[in-house]
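Undergrad: Residue numbers (the numbering used here): 75 to 220. All residues carry an ideal CB built from backbone N, CA and C; glycine is no exception.
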Amino acid sequence: MREFPWGEVRQALRVAQRVAVVSHVRPDGDAVGSVLGLGWALRTAGKQVSLALADGVPFNLRHLPGAEDIAPQVTGEVDWVIVVDASDRGRVGTALPAEAVVDLNIDHHKTNTAYARYNLVNPEAVSTTAVLVEFIAEMGLPLPQE
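(1) Looking only at its chain, what residues have a beta carbon closer than 7 Å to the beta carbon of residue 82, apart from the 5 residues adjacent to it on each side?
(2) State the beta-bridge partners of residue 210 as determined by DSSP.
(3) Could you compute how far the alpha carbon of residue 118 sits from the alpha carbon of residue 184?
(4) Hey, quick one: how far does the alpha helix (DSSP H) through residue 97 stretch, first residue to last?
(5) Does DSSP classify residue 141 as helix, strand or coil?
(6) Counting contacts by CB-CB distance shorter than 7 Å, is residue 198 in contact with chain B?
(7) Locate the alpha helix (DSSP H) running through residue 85, then write down its first and last residues.
(8) Could you give the distance in angstroms between the alpha-carbon of residue 77 and the alpha-carbon of residue 85?
(9) Rounded C-beta distance between residue 160 and residue 127? I'm assuming under 8 Å.
Below is the structure:
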């Protein structure tokens, strides 16, 4: 696996103003938590953020702060697309238009197909949220405390 280009990604994310964060169909706690946590960090950093899960937030996770901001699909224009906790592009379902380019893929599944322009995949991590802690720190983004 090649070294992750932290500097390139930091610069690209710094320039992006409208960012989409999406995850897989039939979302679990890791998917929802990853979308919400990264979304919060990006919003706090001044980005316009669109959060999407094709199947919506499961009933048992709707109490999480920000869950009401998650839509079934990304609408409007975005500068950058981030997919979290999805091992391949097809797992996002209809959350993204078919022609959308995935700029960044953050995941922990060893079956990940490296489908994005940049792929931060750590199969040793217990969850994608664990990978996000490192990503958020490396990007200089605020870390959610909730």
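TA: Quick answer:
(1) Residue mapping note: residue 82 aligns to position 8 of the sequence shown, counting from 1. So no residue of the chain qualifies.
(2) Here residue 210 is taken as the residue at index 136 of the sequence shown, counted from 1. Looking at the DSSP assignment, residue 210 forms no beta bridge with any residue, so it has no partner.
(3) Taking the first residue of the sequence shown as position 1, residue 118 is located at position 44. Taking the first residue of the sequence shown as position 1, residue 184 is located at position 110. Rounded to whole angstroms, residue 118 to residue 184 spans 31 Å at the Cα level.
(4) Along the sequence shown, one-based indexing puts residue 97 at 23. DSSP places residue 97 outside any alpha helix (DSSP H), giving it a letter other than H or E.
(5) Residue numbering aside, residue 141 sits at position 67 when the sequence shown is read from its first letter. Helix at residue 141.
(6) No chain B appears in this structure, which consists of one protein chain only.
(7) The count along the sequence shown starts at 1 and reaches residue 85 at position 11. DSSP places residue 85 inside the alpha helix (DSSP H), whose first and last residues are 80 to 89.
(8) To locate residue 77, count along the sequence shown from 1; it is residue 3. To locate residue 85, count along the sequence shown from 1; it is residue 11. Residue 77 and residue 85: Cα-Cα distance of roughly 16 Å.
(9) To locate residue 160, count along the sequence shown from 1; it is residue 86. To locate residue 127, count along the sequence shown from 1; it is residue 53. The pair is not a contact, with the Cβ atoms about 10 Å apart (cut-off 8 Å).
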